[in-house]
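Trainee: As they're listed, the protein sequences go chains Y and H.
With this note's numbering, letter number 534 in the first sequence gets 534, and the count goes up by one each step, no holes.
In this note's numbering, each residue carries its 1-based index in the second sequence increased by 1000.
Quick reminder that beta carbons are idealized off the backbone N, C-alpha and C, glycines included.
If you scroll down you'll find the structure; I have some questions about it.
Protein chains: 2
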Amino acid sequence: MSAHGEDVVSGVRTPLHISELERAMPHVYENLRAITSKLEKHYRDMQDFEFTIQDGKLYMLQTRNGKRTGLAAVRVAIDMVREGLITQEEAIFRVEPNQLYDFLVPRLVEKGEKIEVLATGLPASPGAAVGQIVFTAEDAVKMHQKGTFKSIILVRGETTPEDIAGMEVASGILTSRGGMTSHAAVVTRGMGKCCVAGAGDCVVDEANKELRVKGKTFKHGDWISLDGTTGRVIAGKLKTLDAQPDDPDLVKFMGWVDPERRLGIRANADIPRDAKQAREFGAEGIGLCRTEHMFFAEDRIGHMRTMILASNEADRREALKKLLPMQRADFEGLFQTMESLPVTIRLLDPPLHEFLPKREDLLVEIARLEETKPKSPKLKELRTLLARVEELHEMNPMLGLRGCRLGITFPEITEMQARAIFEAAVAVKAAGGNPHPEIMIPLIGSIEEMKNQSAIVKQVAGEVFKETGKTVEYLVGTMIELPRAALTADQIAEEAEFFSFGTNDLTQTTFGISRDDINNFLPAYLKAGIFKQDPFATLDQAGVGQLVKMATAKGRNTRANLKVGICGEHGGDPESSSSATRSA
Amino acid sequence: MSAHGEDVVSGVRTPLHISELERAMPHVYENLRAITSKLEKHYRDMQDFEFTIQDGKLYMLQTRNGKRTGLAAVRVAIDMVREGLITQEEAIFRVEPNQLYDFLVPRLVEKGEKIEVLATGLPASPGAAVGQIVFTAEDAVKMHQKGTFKSIILVRGETTPEDIAGMEVASGILTSRGGMTSHAAVVTRGMGKCCVAGAGDCVVDEANKELRVKGKTFKHGDWISLDGTTGRVIAGKLKTLDAQPDDPDLVKFMGWVDPERRLGIRANADIPRDAKQAREFGAEGIGLCRTEHMFFAEDRIGHMRTMILASNEADRREALKKLLPMQRADFEGLFQTMESLPVTIRLLDPPLHEFLPKREDLLVEIARLEETKPKSPKLKELRTLLARVEELHEMNPMLGLRGCRLGITFPEITEMQARAIFEAAVAVKAAGGNPHPEIMIPLIGSIEEMKNQSAIVKQVAGEVFKETGKTVEYLVGTMIELPRAALTADQIAEEAEFFSFGTNDLTQTTFGISRDDINNFLPAYLKAGIFKQDPFATLDQAGVGQLVKMATAKGRNTRANLKVGICGEHGGDPESSSSATRSA
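This is the structure in structure tokens:
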């Protein structure tokens, strides 16, 4: 801007930072402040602007939205309120919701560091992680238990439920495949752990335990840094800054935000530890307890497999009997922790094969044994297991035997889960607690399914109340996660006492797009402008939103006081949840 | 009924069959005829009734719908019209649409035969087949080519596109898994070939080439009989009666039906032979030409695989260049055969992995080679192939990279197909023909996708017309087979000139149920009364029907003259298509 002569100041941020100007040339300062204020009202964001003063006259050259970290945004907003420049309500809109992550997760220290970005994947779960690479969940657990690696980065093509133990001990996860709602992304967000997903430039050679990217090869034990907030994969060992959830500015800012919000917030939690943390963070209840997560634990998966492999109801009931006390203890813990707050428990949801060994692993193991030890007794055993796995094998498991279809096909599963819930609730109440179970039937598509499962739950409740001589209040409701549920919500609301919109699944079926497979074409779609954003990250208002709106209206037409909520990742996306507020 | 004394006649069918009574006791006969006529008006079906005559007085004891074969139903209806008892219009309603199959497919001769029903599966494709068992498509082709077996029954767990060659030479297909819209069911109905699907009691041991059922074991070459009309699997070699499509009674009856119908009928056909047959049966055009079927032929699958395995656009275009003249020849044949009738061509729809070897087969073959010939060059080759197959592997292929997502990700595929269509149409027109191509973009979920693909089609059309100096009229439309397409049909109709409801896929996504996997829980659903029938066999009016109605209304609101049709199995189901008529 030197062409404009003397006193050129460039990139000055807001009148607050030019107090020298205020002292030296008060009339110019006033002028500048008025213009800035108008611009910021319009753009709802801090303005960077360039100006020049020539012969005591102010010339505005250009203006743009200022880029700041979340920490800076909150501090500046608080300063401006303190100086009387904006109101508290205005201050709220000066900070983007996503910027608050900067307080809640660790960050990489980049100042003064020489950084080599190897690849950029999806910012699947914010935060930073620096650690040594392992390529399998088993290695992660081993290195953690032995204490060989202090900090572990688990690198996988994609993760599956079998990787959970490894993910738990890792500081961060990197995958080469999968979208914003892939297993890795969803689970790490649940764990509050950094994840970069779908970094397509990374070749993860699991067989040879190598990560190849940008002409370089990283092996087991090599150091790497992940930035889950931007999706960057960085070579070597950067320093990190801890999260600052107790930062006084953040606490003050959130104190202004809280009275303004229109949505209630509940947490996802399956175990008392998570429930406790959620309470501390201010959650008003548990919105989703995924009961299947309770079955992956080492002492349970065996009983779960026995149950699934059972060829008749009697054997299935026998295995379920062993799971019952474990589930009951889980629920007791949750009810105790949440005290008088509601706990929404979703009955078993995923396809059963998720609890069994992988079909392709069995096929390969059998083929190897056939070649090397054709008479091994293990071979016979594996073949029997494979036969059952084949029976359960589905072309499209997302559209198969899962959700309420499990409880309808095997009513004894619903009976066991309902019994565990009510026995736990009665026990907690007897000990002076005040449990509020809300039982959620997953994947309902018709009133008939809802009636079937609701009847089992209510019958078991009655039995437990009779056996114990005590009662607890409870609700029975459903996920609305299939288009048909939304289309027939007026009928479903006759039986369901609450709706929780499962917008991940609803997006899958409304679009006919699997969240696990979207990455095969999402890049082309974003490039061609067909999608403005990943529909699993930001709720599609024209299609999915239309169903949400329709279901809410139809449901409330039948049941005026129907409780309605949103369950899933979209609830945490500012753009999606503001539209949810409008429709709900 | 002997308690009622003399003259008891039981199970007499309609006044026509009791002419002796008419002669002997005319007043009783008149009375009986009046009652029968009223009952039949009410039930719209022939009545079996029991009566007794005591002291010259007529007592009606009970009445029920008469059970007759389709052949009898048509003959009786024609007789009654001839005798002036009912009108032609009434006669139409005396025959159930499904009863007409009795004329169109072979039937088992059961009279005087001792029949052992081994199992009952789904009546997946009507007709009868008697033949010798084979367990693989390769065996079917081999036994057919050598002439070893005169008639072949292909027995499989379930069929896949790779079994097509074997299915073509078989007389009938039996599967132990899969529903009314499984691959086996859909393909055999297309072929007009008998199929019993999902016969769960049959254990198909493909490895040992054994069929075990009801304590018996059937091996390669054993005789078996299938009744695709009832779903029965019968031991041994029954006799069959040929189809009678030219039966004079049927021809007369259909002559009455034709002027009354409100739906136009087009055929599914991918090759000129089928198109020719469809024309002869009176089809008013081709409603669905599945272009992918053209790629499974032996001389093409190689180029198709090369195209899919190509790692860059240039290689892909090279392979597509080799497919172009083949596709063009296909379309020329179809346009010539259909003369001036419309031909609706659906662009490539299925997930690409369908054209590649199966992932699990590769995994097993590689494992075996690793154990036995670890240095074989074949091993390296298979690993490269597996790597690409793994890249294309999808958790839920039905919700993955398929339909228009293929043409958007690889625009050169759409370009090649459009060029083949327009070059063929121009050539046929030049030779004096009158082709009417209607190009159908599959799996559209948004107007943006429709615009993208429609633009490519129109651009290629313009190029071909310019190159050849000739033009043909054509339409570009879409399948409505996703809930989001129905919900945003008003937008999509801005670009689409016709809608064809793909109710199979629309049922899959509206319910969130895979048609390949429904059999895992359908029996429980039918038993519990949750489904009254398989939603893939009879259109669900409350959910899927609501979307069809909504899309038709929204589409015609945007484009008043929008052509609307139904594409898929539901179109052939009397209950479904009568509701389709109501909504369209």
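Provide the residue(s) that pair with Y/Ile-492 in DSSP beta bridges, ordered along the chain.
Mentor: Per DSSP, none; premise fails for Y/Ile-492.
Trainee: Helix, strand or coil for Y/Met-25, going by three-state DSSP, please let me know.
Mentor: It is coil, neither helix nor strand.
Trainee: Work out the CA separation of Y/Met-398 and Y/Arg-546 for me, nearest whole Å.
Mentor: Per the sequence shown, residue 546 of chain Y should be read as Gln rather than Arg. Roughly 23 Å between the two C-alpha positions.
Trainee: Express the C-alpha separation of H/His-1303 and H/Cys-1567 in angstroms, rounding to a whole number.
Mentor: If I take the Cα positions, the gap works out to 29 Å.
Trainee: Sort H/Ile-1286, H/Thr-1230 and H/Glu-1210 by Cα distance to H/Trp-1610 and report the nearest one.
Mentor: This structure gives no information on residue 1610 of chain H, because the portion of chain H shown stretches from 1001 to 1584.
Trainee: Leaving out five residues on either side along the sequence, give the residues of the same chain with a beta carbon under 8 Å from the beta carbon of Y/Arg-290.
Mentor: Excluding positions up to five away in sequence, the list reads Asn-268, Asp-270, Arg-346 and Asp-349.
Trainee: Could you tell me how far apart the beta carbons of Y/Cys-195 and Y/Ala-185 are, in whole angstroms, since I believe they sit closer than 8 Å?
Mentor: With 8 Å as the limit, Y/Cys-195 and Y/Ala-185 qualify as a contact, their Cβ atoms being about 6 Å apart.
Trainee: For Y/Glu-371 and chain H, any beta-carbon pair shorter than 8 Å?
Mentor: Yes, Y/Glu-371 counts as interfacial toward chain H.
Trainee: Considering only residues of the same chain and omitting the five flanking positions on each side of Y/Thr-471, which have a CB-CB separation below 6 Å?
Mentor: These residues qualify, in order along the chain: Phe-465.
Trainee: Note down, in chain order, each residue of its chain lying with its Cβ closer than 6 Å to the Cβ of Y/Arg-405, except the 5 sequence neighbours on either side.
Mentor: Hits under 6 Å: none found.
Trainee: Which residues in the same chain as H/Pro-1401 place their Cβ atom closer than 8 Å to its Cβ, once the five residues preceding and following it in sequence are excluded?
Mentor: First, the residue type needs correcting, since residue 1401 of chain H is Leu and not Pro in the sequence shown. Around H/Leu-1401: Pro-1351, Leu-1352, Leu-1392, Glu-1394 and Thr-1409.
Trainee: Which runs of the alpha helix (DSSP H) spanning at least 4 residues fall entirely within the segment 1364-1447 of chain H, listed in chain order?
Mentor: DSSP runs (the alpha helix (DSSP H)) wholly in the segment 1364-1447 of chain H: 1377-1392, 1404-1409 and 1411-1430.
Trainee: Per DSSP, Y/Ile-224 is paired with what?
Mentor: DSSP lists Y/Gly-131 and Y/Ala-235 as partners of Y/Ile-224.
Trainee: Among all the DSSP beta bridges, which residues are the ones paired with Y/Met-479?
Mentor: Paired residues: Y/Ser-500.
Trainee: Can you check which of these residues, H/Lys-1216, H/Gly-1469, H/Val-1428 and H/Ser-1182, is closest to H/Gly-1236 by C-alpha distance?
Mentor: The option with the nearest alpha carbon to H/Gly-1236 is H/Lys-1216.
Trainee: Would you grab the beta carbon distance between Y/Glu-415 and Y/Ser-454 for me? Rounded to a whole angstrom, and I think it's under 8 Å.
Mentor: Rounded, the Cβ-Cβ distance is 13 Å, inconsistent with contact.
Trainee: Just the Cα atoms here: how many angstroms apart are H/Thr-1372 and H/Gly-1121?
Mentor: When rounded, the distance between both Cα atoms is 42 Å.
Trainee: For H/Ala-1119, which three-state DSSP category applies?
Mentor: H/Ala-1119 falls in the strand class under three-state DSSP.
Trainee: Near H/Val-1105, what residues of its chain come up, given a Cβ to Cβ distance below 8 Å and the 5 sequence neighbours on each side ignored?
Mentor: Excluding positions up to five away in sequence, the list reads Pro-1126, Gly-1127, Ala-1128, Gly-1192, Cys-1194, Gly-1228, Thr-1229 and Ala-1243.
Trainee: Leaving out five residues on either side along the sequence, give the residues of the same chain with a beta carbon under 7 Å from the beta carbon of Y/Glu-412.
Mentor: Closer than 7 Å at Cβ, skipping near neighbours: Glu-313, Arg-316, Arg-317 and Leu-320.
Trainee: Y/Glu-354: buried (16+ other C-beta within 10 angstroms of its C-beta) or exposed?
Mentor: That one is buried.
Trainee: Since Y/Cys-289 sits in a beta bridge, which residues does DSSP pair it with?
Mentor: For Y/Cys-289, which the question treats as bridged, DSSP gives the partners Y/Ile-345.
Trainee: Hey, could you find the ends of the alpha helix (DSSP H) H/Lys-1358 is sitting in?
Mentor: Where H/Lys-1358 is concerned, there is no enclosing alpha helix (DSSP H), given that its DSSP letter is neither H nor E.
Trainee: Could you pull out every residue in the same chain whose Cβ sits closer than 6 Å to the Cβ of Y/Arg-94, ignoring the five residues on either side in sequence?
Mentor: Ala-77.
Trainee: Per the DSSP calculation, Y/Ile-152 is bridged to which residue(s)?
Mentor: The partner list for Y/Ile-152 (beta bridge, DSSP) reads Y/Gln-132.
Trainee: Spatial neighbours of H/Gly-1221 within its chain, please: CB distance less than 6 Å, with the 5 preceding and 5 following residues excluded, ordered by chain position.
Mentor: Gln-1132.
Trainee: Which residue's Cα is closest to the Cα of H/Val-1187: H/Arg-1556, H/Glu-1575, H/Lys-1549 and H/Glu-1569?
Mentor: Answer by Cα proximity: H/Glu-1569.
Trainee: For H/Gln-1099, which residues of its own chain have a beta-carbon under 6 Å away from its beta-carbon, when the five flanking residues on both sides are left out?
Mentor: Hits under 6 Å: Gly-1070 and Ala-1073.
Trainee: Measuring alpha carbon to alpha carbon, tell me which of Y/Leu-61, Y/Thr-552 and Y/Val-460 ends up nearest Y/Glu-481.
Mentor: Ranking the options by Cα distance to Y/Glu-481, first place goes to Y/Thr-552.
Trainee: For H/Asp-1055, does the three-state DSSP call read helix, strand or coil?
Mentor: H/Asp-1055 falls in the coil class under three-state DSSP.
Trainee: Can you list, in chain order, the residues of the segment 303-316 of chain Y whose Cβ is nearer than 7 Å to any Cβ on chain H?
Mentor: From the segment 303-316 of chain Y, no residue has a Cβ closer than 7 Å to chain H.
Trainee: Kindly confirm or deny that the segment 442-462 of chain Y and the segment 491-511 of chain Y touch, where touching means at least three C-beta pairs closer than 8 Å.
Mentor: Yes, they touch.
Trainee: Let me know the secondary structure DSSP gives H/Leu-1522 once reduced to three states.
Mentor: Helix at H/Leu-1522.
Trainee: Under a CB-based cut-off of 8 Å, is H/Pro-1026 close to chain Y?
Mentor: Chain Y contact via Cβ: absent.
Trainee: Does the beta carbon of Y/Val-364 come closer than 8 Å to any beta carbon on chain H?
Mentor: Taking Cβ atoms only, chain H reaches closer than 8 Å to Y/Val-364, which makes this a yes.
Trainee: Which residues in the same chain have their Cβ closer than 6 Å to the Cβ of Y/Ala-418, if we skip the five residues on either side of it in sequence?
Mentor: Result list for Y/Ala-418: Val-457 and Val-460, in chain order.
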